[in-house]
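Each remark here refers to the structure printed beneath this line.
Residue numbers (this note's numbering): 3 to 134.
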């Protein structure tokens, strides 16, 4: 019984080449390509070189001065007489006080619509943990 030796994996040894027929083919880096597969050496794929590292990211509310504004909207959760959801919505506004006026106006027109959802759009941003 012979043991096979594990070789280290070099990320640059295999490249993916898609010939004209659309089938993917793995080509050894630096190997001579078949003339039917590659038209010239300038068509040969090249590996992307660069440094990569793993980072921890944190999701937080965007506090930068150029962030988009927080937006408010109310949506009616009541049902029409035929049982379908009303789904009427207030206009989107940056002012919470202005948005709160809409449910009262909607209730005047639809006396049995008493349930509303407050929909808030808050800008969030992903930040690398080492930048906090």
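Quick reminder that beta carbons are idealized off the backbone N, C-alpha and C, glycines included.
| Check | Outcome |
| --- | --- |
| Backbone CA spacing between residue 105 and residue 122 [nearest angstrom] | 15 Å |
| Cβ contact (3+ pairs, closer than 8 Å) linking the stretch 46-64 and the stretch 73-80 | no |
| Three-state class that DSSP yields for residue 54 in the structure shown | coil |
| Euclidean distance between Cα positions of residue 89 and residue 70 | 26 Å |
| Buried or exposed (CB count within 10 angstroms, at least 16 for buried), residue 138 | Only positions 3 to 134 of the chain appear in this structure, which leaves residue 138 out of reach. |
| Residue 118 in three-state terms, based on DSSP | strand |
| Rounded straight-line distance, which links the Cα of residue 114 to that of residue 80 | 7 Å |
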